[in-house]
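Residue numbers (the numbering used here): 186 to 643.
Structure, rendered in structure tokens:
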């Protein structure tokens with residue numbers, strides 16, 4: 186059996202536990218290591234001081250918005266591609282992949298240029314104090330420019346995973362992450378570049394990850410060809426990409442908005458509060474990105490099964506994914522809660538105020554992280570099935586619909602504690618919405634399954 190047919194067989198007929206492990210574990214490991222180097226950045230920069238730590242916390246949401254462009258095209262195309270492969274339409278799947286790749290690069294260049302031109306006012310808007318701003322401008326100027334490689338990487342990550350080549354994604358993410366971890370102390374301390382060194386190390390790491398994907402393309406390992414002539418900005422292809430990609434982009438923007446709102450709320454409490462909340466964001470992100478990595482393996486299986494009308498396979502994939510992701514979230518969240526003080530203290534030279542704020546926030550976030558796996562499986566499932574509206578609503582809950590009112594209201598009533606408890610409260614509300622929408626979805630799938638069975642009998 187050819188390598189390409191093995192990928193399709195994995196999506197369509199391999200036992201679900203085996204398929205989820207084969208697709209999910211490589212992307213999960215890759216995302217875990219990728220999240221780890223964000224923590225390593227924070228660890229080494231934290232040794233420079235609270236203002237420098239605050240700087241990378243302020244720049245973080247801007248980078249997430251730029252990366253969201255890769256998700257706009259990559260995740261949107263991945264859902265469409267999986268369903269096309271399930272239907273056996275490889276030619277259109279090839280067109281969708283090429284359109285997504287070149288579209289993301291063009292859009293990324295435009296947004297990055299605008300971000301660099303207006304970097305200082307953007308950083309002030311994101312919550313940079315006067316003492317944080319110089320470091321944020323230095324770090325952000327380098328980091329944002331390097332995001333063009335990240336846009337390429339994120340787009341390819343989704344496309345490559347959608348065709349069943351999860352190991353390639355793992356290799357690309359790990360290559361960049363390991364290099365970044367190795368280069369951080371060299372550029373920050375040995376070469377004495379400070380926050381600029383952290384940005385340079387990240388830029389080099391992203392270039393190496395991009396190189397892995399380029400080798401994959403030019404060695405013709407992919408099902409797709411990625412030729413400019415295959416780009417087809419037709420209404421049909423763009424509509425399918427954007428109906429899934431736009432909710433994903435909005436999710437990224439809302440994630441950035443939630444971080445900037447948190448930074449602005451913490452502004453009055455000083456650099457220690459911004460730095461402490463920044464550490465918590467990265468620690469929780471490490472767990473959430475690990476879950477996202479596993480769910481990236483689940484999504485193409487769900488999309489392919491739905492496209493091929495294999496409903497029992499789809500139901501089994503959902504059930505197992507919810508169980509496995511929830512077990513992970515429970516273990517990870519418990520670890521954050523029990524060892525919160527010891528973990529946060531590693532990211533500062535001894536600032537007790539930062540440790541107190543970070544510890545208090547991390548403990549409660551660790552408890553409600555238990556709900557994250559269930560929420561993520563279903564928000565991803567709607568997108569995998571091509572249900573953009575439902576996916577948009579659910580995806581916008583945790584960081585937008587539920588979080589924004591909470592972060593605006595709670596600090597007025599509880600002060601600093603209101604900031605610390607904002608995300609956990611939003612997590613509980615989002616889980617409640619997920620239960621409601623999941624029940625409706627399963628009723629729809631059961632009806633579709635019954636209709637399909639009736640058609641087969643005829």
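By construction, the Cβ of each residue, glycine as well, lies at the ideal position given by its N, Cα and C atoms.
Where residue i sits in the DSSP three-state scheme
i	result
residue 548	helix
residue 585	helix
residue 233	coil
residue 186	For residue 186, the pLDDT reaches just 46, beneath the cut-off of 50, and the residue's location in the model is therefore unreliable, although a value from the coordinates is still provided. Coil.
residue 348	coil
residue 410	coil
residue 500	helix
residue 534	coil
residue 204	helix
residue 451	helix
residue 362	helix
residue 199	coil
residue 343	helix
residue 427	helix
residue 628	helix
residue 436	helix
residue 554	helix
residue 524	coil
residue 637	helix
residue 305	helix
Candidates the options: closest to residue i by CA position
i	options	result
residue 707	452, 432, 630, 541	Because residue 707 is not part of the residues shown, which for the chain are 186 to 643, the question remains open.
residue 327	318, 336, 301	301
residue 406	434, 559, 481, 350	350
residue 581	523, 455, 438	438
residue 477	342, 305, 599	342
residue 430	234, 273, 344	344
residue 285	375, 553, 339	339
residue 307	347, 389, 244	244
residue 540	615, 462, 568, 554	462
residue 455	314, 610, 501	314
residue 568	436, 379, 552	436
residue 597	612, 451, 410, 382	451
residue 480	557, 590, 426	557
residue 448	410, 259, 589	589
residue 619	583, 630, 639	583
residue 269	599, 485, 559, 311	485
residue 332	311, 594, 290	290
residue 310	631, 240, 278, 330	240
residue 612	359, 550, 501	550
Same chain, Cβ closer than 6 Å to residue i, five either side skipped, listed in chain order
i	result
residue 281	262, 265, 266, 422
residue 352	211
residue 446	592
residue 626	none
residue 546	465, 605
residue 494	637
residue 186	With a pLDDT of only 46 at residue 186, under 50, the local geometry of the prediction cannot be trusted, and no value is derived from it.
residue 392	334
residue 543	461, 464, 465, 529
residue 610	591
Close beta carbons around residue i, own chain, < 7 Å, minus the five adjacent residues each side
i	result
residue 287	413, 416
residue 202	505
residue 602	none
residue 395	334, 337, 338
residue 389	364, 368
residue 325	244, 247, 304, 308
Residue-chain proximity (residue i, chain C), Cβ-Cβ < 8 Å
i	result
residue 410	Given the protein chain composition of this structure (a single chain), no chain C is represented.
Boundaries of the alpha helix (DSSP H) in which residue i is found, first to last residue
i	result
residue 480	456-492
residue 564	557-569
residue 280	275-302
residue 530	Note, residue 530: premise wrong, no alpha helix (DSSP H); not H, not E.
residue 576	573-580
residue 417	Note, residue 417: premise wrong, no alpha helix (DSSP H); not H, not E.
residue 314	Per DSSP, residue 314 belongs to no alpha helix (DSSP H) and is neither H nor E.
residue 386	380-403
residue 377	Premise fails: residue 377 is in no alpha helix (DSSP H) and is neither H nor E.
residue 603	601-605
Chain-order list of residues whose beta-carbon lies under 8 Å from that of residue i (same chain, five-residue window excluded)
i	result
residue 322	304, 305, 308
- Given 8 Å as the limit, is there contact between the stretch 507-516 and the stretch 529-547, that is, 3 or more CB pairs closer than that? no
- Just checking, does the stretch 461-481 make contact with the stretch 298-313 on the three C-beta pairs under 8 Å criterion? no
- Per the contact definition of three or more C-beta pairs closer than 8 Å, is the stretch 522-530 in contact with the stretch 248-259? no
- Pairing CB atoms from the stretch 389-399 with CB atoms from the stretch 252-262, are three or more of them under 8 Å? no
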